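This report concerns only the one structure given below.
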Amino acid sequence: MNFVEIHGATERWGWFVFVGALALTVALAISYVGRRGLW
1 MNFVEIHGAT ERWGWFVFVG ALALTVALAI SYVGRRGLW
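Quick note: full-length UniProt numbering has the sequence shown finishing at residue 39, numbered continuously throughout.
In structure tokens, the structure reads:
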């Protein structure tokens, strides 16, 4: 899929920002689950 309308998609740093945000979301989810004792 092409997401040209998304801000930063055509910039060189756009991929790194997307992957960083994805990694941060995963890390926060793992941290939340771990603190709740659901793991």
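The beta carbon of each residue, even a glycine, is placed where N, CA and C say it ideally should be.
Bear in mind the structure is a predicted one, so any value in this text is a computation, not a measurement.
Kindly give me the distance between the Cβ atoms of residue i and residue j, rounded to whole angstroms, as I take these residues to be in contact under 8 Å.
{"i": "T10", "j": "V19", "result": "Wrong, their Cβ atoms sit about 16 Å apart, outside the cutoff."}
Along the alpha helix (DSSP H) that carries residue i, what are the first and last residues, could you check?
{"i": "R35", "result": "14 to 36"}
Between which residues of its own chain and residue i is the CB-CB distance below 7 Å, once the five residues before and five after are set aside?
{"i": "V17", "result": "G8"}
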